[in-house]
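What follows is one structure encoded as C-alpha cells, with my remarks underneath.
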Amino acid sequence: MSTGLLLTGAFCLIASLAAAPRFALAQPVGPTSTMGAVKAASAPARPVSIPGAPRAAKSPTSPLWSELTPPQQQALAPLAGAWPTISEAQKRKWLVISQSYGRLPAAGQEKLHGRMSGWVMLSPQERTQARLNFAETQQLSPDDKKAKWEAYQALPPETKRKLAAGAASAAKPPATAAAVKPVPAQKMATLPRVGDAKSPRIAAAPNQIDHNTLLPQQVPPVAPVRTN
Numbered sequence: 002m003s004t005g006l007l008l009t010g011a012f013c014l015i016a017s018l019a020a021a022p023r024f025a026l027a028q029p030v031g032p033t034s035t036m037g038a039v040k041a042a043s044a045p046a047r048p049v050s051i052p053g054a055p056r057a058a059k060s061p062t063s064p065l066w067s068e069l070t071p072p073q074q075q076a077l078a079p080l081a082g083a084w085p086t087i088s089e090a091q092k093r094k095w096l097v098i099s100q101s102y103g104r105l106p107a108a109g110q111e112k113l114h115g116r117m118s119g120w121v122m123l124s125p126q127e128r129t130q131a132r133l134n135f136a137e138t139q140q141l142s143p144d145d146k147k148a149k150w151e152a153y154q155a156l157p158p159e160t161k162r163k164l165a166a167g168a169a170s171a172a173k174p175p176a177t178a179a180a181v182k183p184v185p186a187q188k189m190a191t192l193p194r195v196g197d198a199k200s201p202r203i204a205a206a207p208n209q210i211d212h213n214t215l216l217p218q219q220v221p222p223v224a225p226v227r228t229n
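Numbered by our numbering, the letters in the sequence shown go through residues 2 to 229 in order.
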C-alpha cells in the first residue's frame, strides 16, 4: 500500500471523526412483562438528586490511555491529553488510524500528528465545519488540495480559529423575526371622541321649520332700513 493511500485513508477517518455525534447508543425498549413490573416495584427507590449538589464525574470511556500499547500511544501522542474526554466511537476510529502510522514516512507521520493536534483544539461546532470543508475539498484536484493546505498551514493559529468561527457562524440559520410588543398606554396618543367635538348649531323658530322635510326654511332677506 502506497504512502498516498495511507494518508488519504487516515485523513478521511479524521474528517469523519469531526462529524461523529456524541451520544450513547440507546437500548431498544420492548413491552414490559409482568415479572419485570414486579421487580421494578420491589426494587429500592433511587436517591433523589438535590439541585445545586455537585454531580459525580463521568467515568472515561474505554479503552483507557494506560491500556494502549506503546506503538498506539506513539501514534496517538497528540491525543493523550484529550483521550479521557473522547467518546468510545471516536477512540475506535483513532485506533484504526494508528495502525497505518508505523508504515508512513517521517514526513507523513509529522503531517498526521499535525492533523491530530488541530482536531483536538477545535470545538464541536468547528469540527462540524471542518467536515463540511473536507467534503468540498474532495472535488478539487490533488494539486489544488496541496496548495490550499499549505496556504492554510502557513496561517497563524489565531487566524485559523477566526476563520473557523466565522464559517461556523455563517452556517447558522437566520434568526426569527422579533415578536411585536404591546405599546404601554402612557405612550399612546389620545384621540378626541366623536361626541366631544362641538359644532355650531343654529336655532330655528317653530314657524321657520318645513313640516314635510323638517328642515329650516329659507328666511327671506331683510330689507335694509333707510334712514333720512
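Virtual Cβ for every residue (Gly too), placed ideally from N, Cα, C.
Thinking C-alpha only, which one of the options is nearest residue i?
i: glutamate 111; options: Thr160, Tyr153, Ala78, Ala148; result: Ala78
i: alanine 76; options: Thr62, Ala107, Ser60; result: Ala107
i: glutamine 154; options: Ala136, Ser60, Asn134, Arg116; result: Arg116
i: serine 60; options: Gly82, Ser88, Gln73, Leu69; result: Ser88
i: alanine 90; options: Thr160, Gln100, Leu156, Ser63; result: Ser63
i: serine 124; options: Leu156, Pro157, Thr86; result: Thr86
i: glycine 119; options: Trp66, Thr70, Lys161, Ser67; result: Lys161
Applying the 10 Å Cβ sphere with the 16-neighbour rule, what's the burial state of residue i?
i: tyrosine 266; result: Absent from the model: residue 266. The displayed extent of the chain is 2 to 229, so no value can be given.
i: leucine 1; result: Outside the modelled stretch of the chain, which goes from 2 to 229, sits residue 1, for which no answer is possible.
i: serine 99; result: buried
i: alanine 165; result: buried
i: leucine 141; result: exposed
i: leucine 156; result: exposed
Excluding the 5 residues flanking residue i on each side, which residues of the same chain have their C-beta closer than 6 Å to its C-beta?
i: tryptophan 150; result: none
i: serine 34; result: Because serine 34 sits at a pLDDT of 46, beneath the cut-off of 50, its placement in the model cannot be relied upon, and the following sentence gives the value as read from the coordinates. None.
i: histidine 114; result: Pro79
Once the 5 residues before and after residue i are set aside, which same chain residues still bring their CB inside 7 Å of it?
i: proline 72; result: Gly103
i: valine 121; result: Pro79, Leu80, Ala83
Just to confirm my understanding: we take residue i, look at its own chain, exclude 5 residues before and 5 after, and list those with CB closer than 8 Å. What are they?
i: valine 30; result: Reliability fails at valine 30, whose pLDDT of 44 lies under 50, so the model's placement of it is uncertain and no value is given.
i: tryptophan 66; result: Gln74, Ala81, Trp84, Pro85
- Task: Could you tell me whether the region 123 to 135 touches the region 91 to 100, using the rule of 3 or more Cβ pairs below 8 Å?
- Result: In short, these stretches do not touch, since the Cβ pair count stays below three.
- Which runs of the alpha helix (DSSP H) spanning at least 4 residues fall entirely within the region 81 to 149, listed in chain order? Runs found: 89 to 100, 107 to 122, 125 to 138.
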